[in-house]
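Q:
Protein chains: 2
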Amino acid sequence: MIIDCHGHFTTAPKALEDWRNRQVASLAGGDAPKASELRIGDDELREAIEKNQLAKMDERGSDLTIFSPRASFMAHHIGGFETSATWSAICNELIHRVATLFPDRFIGAAMLPQSPGVDPKTCIPELEKCVQEYGFVAINLNPDPSGGHWTSPPLSDRHWYPIYEKMVEHGIPAMVHVSTSCNPCFHTTGAHYLNADTTAFMQFLTSGLFRDFPTLKFVIPHGGGAVPYHWGRFRGLAQELKKPLLSEHVLKNVFFDTCVYHQPGIDLLAKVIPVENILFASEMIGAVRGIDPESGHHYDDTKRYIDASTILSGADRRAIYEGNARRVYPRLDRALKAKGL
Amino acid sequence: MIIDCHGHFTTAPKALEDWRNRQVASLAGGDAPKASELRIGDDELREAIEKNQLAKMDERGSDLTIFSPRASFMAHHIGGFETSATWSAICNELIHRVATLFPDRFIGAAMLPQSPGVDPKTCIPELEKCVQEYGFVAINLNPDPSGGHWTSPPLSDRHWYPIYEKMVEHGIPAMVHVSTSCNPCFHTTGAHYLNADTTAFMQFLTSGLFRDFPTLKFVIPHGGGAVPYHWGRFRGLAQELKKPLLSEHVLKNVFFDTCVYHQPGIDLLAKVIPVENILFASEMIGAVRGIDPESGHHYDDTKRYIDASTILSGADRRAIYEGNARRVYPRLDRALKAKGL
Numbered sequence: 005m006i007i008d009c010h011g012h013f014t015t016a017p018k019a020l021e022d023w024r025n026r027q028v029a030s031l032a033g034g035d036a037p038k039a040s041e042l043r044i045g046d047d048e049l050r051e052a053i054e055k056n057q058l059a060k061m062d063e064r065g066s067d068l069t070i071f072s073p074r075a076s077f078m079a080h081h082i083g084g085f086e087t088s089a090t091w092s093a094i095c096n097e098l099i100h101r102v103a104t105l106f107p108d109r110f111i112g113a114a115m116l117p118q119s120p121g122v123d124p125k126t127c128i129p130e131l132e133k134c135v136q137e138y139g140f141v142a143i144n145l146n147p148d149p150s151g152g153h154w155t156s157p158p159l160s161d162r163h164w165y166p167i168y169e170k171m172v173e174h175g176i177p178a179m180v181h182v183s184t185s186c187n188p189c190f191h192t193t194g195a196h197y198l199n200a201d202t203t204a205f206m207q208f209l210t211s212g213l214f215r216d217f218p219t220l221k222f223v224i225p226h227g228g229g230a231v232p233y234h235w236g237r238f239r240g241l242a243q244e245l246k247k248p249l250l251s252e253h254v255l256k257n258v259f260f261d262t263c264v265y266h267q268p269g270i271d272l273l274a275k276v277i278p279v280e281n282i283l284f285a286s287e288m289i290g291a292v293r294g295i296d297p298e299s300g301h302h303y304d305d306t307k308r309y310i311d312a313s314t315i316l317s318g319a320d321r322r323a324i325y326e327g328n329a330r331r332v333y334p335r336l337d338r339a340l341k342a343k344g345l
Numbered sequence: 005m006i007i008d009c010h011g012h013f014t015t016a017p018k019a020l021e022d023w024r025n026r027q028v029a030s031l032a033g034g035d036a037p038k039a040s041e042l043r044i045g046d047d048e049l050r051e052a053i054e055k056n057q058l059a060k061m062d063e064r065g066s067d068l069t070i071f072s073p074r075a076s077f078m079a080h081h082i083g084g085f086e087t088s089a090t091w092s093a094i095c096n097e098l099i100h101r102v103a104t105l106f107p108d109r110f111i112g113a114a115m116l117p118q119s120p121g122v123d124p125k126t127c128i129p130e131l132e133k134c135v136q137e138y139g140f141v142a143i144n145l146n147p148d149p150s151g152g153h154w155t156s157p158p159l160s161d162r163h164w165y166p167i168y169e170k171m172v173e174h175g176i177p178a179m180v181h182v183s184t185s186c187n188p189c190f191h192t193t194g195a196h197y198l199n200a201d202t203t204a205f206m207q208f209l210t211s212g213l214f215r216d217f218p219t220l221k222f223v224i225p226h227g228g229g230a231v232p233y234h235w236g237r238f239r240g241l242a243q244e245l246k247k248p249l250l251s252e253h254v255l256k257n258v259f260f261d262t263c264v265y266h267q268p269g270i271d272l273l274a275k276v277i278p279v280e281n282i283l284f285a286s287e288m289i290g291a292v293r294g295i296d297p298e299s300g301h302h303y304d305d306t307k308r309y310i311d312a313s314t315i316l317s318g319a320d321r322r323a324i325y326e327g328n329a330r331r332v333y334p335r336l337d338r339a340l341k342a343k344g345l
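Same order as they appear, the protein sequences are chains A and B. Numbers in this note's numbering are just positions in the first sequence, counted from 1, shifted up by 4. Numbers in this note's numbering are just positions in the second sequence, counted from 1, shifted up by 4.
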């Protein structure tokens with residue numbers, strides 16, 4: 005079984021974007037649209053998935069995607085808590101409907117109604133609804149709800165502990181995932197995403213967070229940002245800071261996905277990061293949709309790179325494709341087992 | 005000949021730090037210390053270099069270092085233009101003295117008196133003094149003088165053009181190098197430095213800067229941040245943005261150093277980035293000073309990784325060690341030729 009732990013609903017029917025545009029426009033004055041004003045039929049949803057993500061999953065040979073709302077559309081910096089709360093509820097419900105329409109192919113991960121300067125514990129009702137009512141197996145946690153201004157405390161700060169307590173209670177990991185950058189310095193998918201990955205890893209490394217939460221689990225997407233490429237630097241910095249070896253200090257809690265869009269990058273990842281810390285993902289359909297003229301295949305068809313790796317054994321591949329995800333996402337494992345899988 | 009294009013004076017006599025502390029303290033009220041109050045003798049300078057950088061250069065086998073003030077001490081976010089102007093002048097003069105004491109082993113690169121919100125053209129007098137009077141061959145340009153708040157425009161903005169005009173006029177490249185992060189989200193050497201490298205590359209990629217300045221040259225340090233590891237992502241993003249191939253679009257102007265502190269990282273760099281775009285560097289003595297228990301050698305002894313590479317030919321190594329630096333730093337080439345080298 006091949007589980008892609010990182011997919012976003014980037015192909016939602018246009019009515020969703022129209023609704024959001026009305027909501028954003030209302031912030032300048034006027035009535036916000038009601039959630040009930042958004043109408044997307046099951047047929048529309050089915051088509052949006054079948055023609056896009058599902059077609060590519062079938063073509064590329066992946067079975068199940070851990071599916072969450074479009075990351076760049078979370079835009080937690082827009083409006084305040086109410087804005088994000090309504091928007092998150094809408095986006096998560098759509099994910100739930102997709103997972104209900106295609107129960108064997110998609111399982112949900114929630115976006116949270118984060119808002120800059122607002123206590124993260126305000127996200128808990130939405131988080132619990134998604135886990136308990138919708139059967140979601142993870143959350144996406146944005147370490148920078150300001151959208152590129154980085155005004156929140158580091159992820160190691162007690163500020164975030166209310167979320168972590170719920171993650172532990174419900175047995176769900178968080179993917180660390182920022183959203184659109186509204187800082188003109190940072191291109192969203194070419195800089196802000198990768199920077200956030202590197203930043204989060206270093207926040208974990210410099211902290212004792214996993215002493216407080218020994219079972220807390222984070223997936224760092226986009227292959228861990230700059231981290232595996234600079235693994236020697238991070239090992240050396242941990243040593244300077246008198247931290248334990250990274251294998252003890254962070255790798256029981258931190259995992260990297262395989263959203264690295266060329267063979268040498270995946271080869272490096274597989275070489276320096278222990279196999280048990282690597283989870284298959286493609287972020288399809290995402291930031292990079294084209295065909296690589298050098299390979300003749302889609303950049304984000306990351307399964308090809310893993311299959312072509314000369315470093316990984318068959319057992320390694322099975323761990324990356326399935327075993328690790330079932331370990332890191334225990335609710336996913338339970339859901340699969342309930343189906344006899 | 006082996007040229008290390010990235011070394012900072014991280015081992016300056018303590019009097020320098022004491023002077024700076026007095027200057028910083030004076031910002032809260034009181035008289036700033038005068039530059040003339042800093043007294044460091046030639047013997048002290050010689051000892052600071054001989055016991056540290058020079059000893060390691062001899063031990064590791066590098067001949068010449070392009071040497072600049074300590075990056076994390078630039079701290080452009082502290083005080084205003086006057087603060088940075090006095091501090092830069094002091095730091096650059098020390099570099100000039102080191103280069104004068106060891107003319108065959110060190111050649112200068114300038115820090116600039118940048119300050120958040122201040123027009124970069126205020127840096128030109130210091131830049132020109134360093135090039136014309138001191139014989140420096142490059143500058144370090146901080147894309148984020150705010151120290152982790154990223155309040156300046158992207159490097160592609162006309163805001164920076166006065167600096168670029170002088171770089172072209174004098175034939176000097178800039179190393180893109182941030183300083184200390186005063187944003188608690190970003191660890192200085194583990195996140196902020198690498199993020200800045202990735203950010204700058206993406207700013208270049210999304211812009212037409214090199215149409216305006218076809219001969220402008222930037223060195224992106226720390227192996228280019230996350231860029232080589234995600235080379236497929238960047239090629240794919242350029243393609244989505246309808247930009248030319250990266251070889252045409254940025255690689256005539258952008259170069260990566262080899263400050264990547266493990267063998268797999270250097271192997272990836274050498275595999276995906278054209279050899280003519282790679283410049284030898286170690287950033288010794290810098291962020292990562294320890295010995296890697298996995299190799300038994302210093303993490304930042306990057307020459308070992310280049311020598312051990314099975315991808316690079318002898319000609320490739322010569323280009324990385326010398327030829328490329330002489331091309332990217334034409335004033336360095338001229339200085340060496342004047343010595344018959």
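C-beta: ideal position from N, C-alpha, C; glycine also.
#1: What in chain A is Cβ-close to Pro268/B, meaning under 9 angstroms?
#2: CB His10/B to CB Glu287/B, shorter than 8 angstroms?
#3: Establish whether the CB of Asn144/B and some CB of chain A are separated by less than 8 angstroms.
#4: Is there a Cβ from chain B that is less than 8 angstroms from the Cβ of Ala285/A?
#5: Going by beta carbon distance, what residues of the same chain come within less than 7 angstroms of Gly227/B, once the five residues before and after it are set aside?
#6: Do we get a CB-CB distance below 8 angstroms when we pair Phe217/B with the residues of chain A?
#7: List the residues of chain B whose Cβ lies closer than 8 angstroms to the Cβ of Val264/A, in chain order.
#8: Going by alpha carbons, who is nearest to Val3/B out of Val292/B, Leu250/B and Ser299/B?
#9: Can you give the Cα-Cα distance for Thr104/B and Ala312/A, rounded to whole angstroms?
#10: Report the neighbours of Met206/A on chain B: residues whose CB is nearer than 7 angstroms to its CB, in chain order.
#11: Could you give the distance in angstroms between the alpha-carbon of Arg43/B and the alpha-carbon of Ser30/B?
#12: For Arg211/A and Ser160/A, which I take to be in contact (beta-carbon distance under 8 angstroms), what is that distance rounded to the nearest angstrom?
#13: Quick one: grab the DSSP three-state call for Ala142/B.
#14: Between the Cα of Leu181/B and those of Pro188/B, Ala195/B, Lys170/B and Val172/B, spot the shortest distance and give me the residue it belongs to.
#15: With a threshold of 8 angstroms on Cβ separation, who are the neighbours of Phe238/B within its own chain once the five nearest residues in sequence on each side are excluded?
#16: Is it true that the CB of His12/A sits closer than 8 angstroms to the CB of Ala75/A?
#17: Quick check on Cys186/A: does DSSP put it in helix, strand or coil?
#18: Which residue from Pro17/A, Leu68/A, Ser299/A and Ala89/A puts its Cα closest to that of Gly236/B?
#19: Considering only DSSP beta bridges, list what Asp8/A is partnered with.
#20: Starting from Tyr303/A, find everything on chain B with Cβ-Cβ shorter than 8 angstroms and list it in chain order.
#21: For Glu326/B, is the classification buried or exposed, using 16 other Cβ atoms within 10 angstroms of its Cβ as the cut-off for buried?
#22: Going by C-alpha distance, which of Trp154/B, His253/B, Thr90/B and Ile7/B is nearest Cys189/A?
#23: Here's the rule: buried if 16 or more other CB atoms are within 10 angstroms of the residue's CB, otherwise exposed. What is His301/A?
#24: Do we get a CB-CB distance below 8 angstroms when we pair Leu255/B with the residues of chain A?
#25: Tell me the DSSP secondary structure of Ala32/B in three-state form.
#26: Does Thr202/B get closer than 8 angstroms to chain A when you measure Cβ to Cβ?
#27: Can you tell me whether Thr314/B is buried or exposed? The criterion is at least 16 other CB atoms within 10 Å of its CB, across all chains shown.
#28: List the endpoints of the continuous beta strand (DSSP E) containing Ile111/A.
#29: Going along chain A in order, which residues have a C-beta closer than 7 angstroms to the C-beta of Leu198/B?
#30: Whose C-alpha, out of Gly83/B, Ser119/B and Ile128/B, is nearest the C-alpha of Asp148/B?
#31: Just to confirm, is the Cβ distance from Gly65/B to Lys341/B under 8 angstroms?
#32: Which residues in chain B sit within 7 angstroms of Gln243/A, going by Cβ to Cβ distance?
#33: To be precise: take each residue of the segment 306 to 336 of chain A, compare its Cβ to all Cβ atoms of chain B, and keep it if any distance is under 7 angstroms. Which residues remain?
#34: Based on the DSSP secondary-structure assignment, which residues constitute the bridge partners of Asp261/A?
#35: Is the separation between the beta-carbon of Ile289/A and that of Gln136/A shorter than 8 angstroms?
#36: Fully enclosed by the segment 205 to 230 of chain A, which alpha helix (DSSP H) runs are 4 residues long or longer?
A: Walking through what the data contain:
#1: The contacting residues are Pro232, Tyr233, Trp235, Gly236, Asp271, Leu272, Lys275 and Val276.
#2: Against a cut-off of 8 angstroms, the Cβ pair of Glu287/B and His10/B comes out as a contact.
#3: no
#4: At a cut-off of 8 angstroms, the C-beta of Ala285/A has no neighbouring C-beta in chain B.
#5: Phe260, Asp261, Thr262, Cys263, Val264, Gly269 and Leu273
#6: no
#7: Tyr233, His234, Gly236 and Arg237
#8: Because chain B in this structure spans residues 5 to 345, residue 3/B falls outside the shown range and cannot be described.
#9: Roughly 54 angstroms separates the two Cα atoms.
#10: His191, Gly194 and Ala195
#11: 19 angstroms
#12: According to the sequence provided, residue 211/A is Ser. The question's Arg does not apply to it. Correct: roughly 3 angstroms between the Cβ atoms.
#13: strand
#14: Going by the sequence as given, residue 181/B is His instead of Leu. Nearest of Pro188/B, Ala195/B, Lys170/B and Val172/B to His181/B, Cα basis: Ala195/B.
#15: Once the five neighbours on either side are set aside, the close Cβ partners of Phe238/B are Phe205, Met206, Leu209, Val231 and Leu250.
#16: yes
#17: coil
#18: Closest in alpha carbon position to Gly236/B, among Pro17/A, Leu68/A, Ser299/A and Ala89/A, is Ser299/A.
#19: Thr69/A
#20: Gly236, Arg237, Arg239 and Gly240
#21: buried
#22: Trp154/B
#23: The residue in question, His301/A, is exposed, as its Cβ has fewer than 16 Cβ neighbours within 10 Å.
#24: no
#25: coil
#26: yes
#27: Exposed: under 16 other Cβ atoms inside 10 Å.
#28: Phe110 to Met115
#29: Per Cβ cutoff of 7 angstroms: Thr202, Ala230 and His234.
#30: Ser119/B
#31: no
#32: Gly294
#33: none
#34: Leu283/A
#35: no
#36: Counting whole runs of 4 or more residues, the segment 205 to 230 of chain A contains the alpha helix (DSSP H) stretches 213 to 216.
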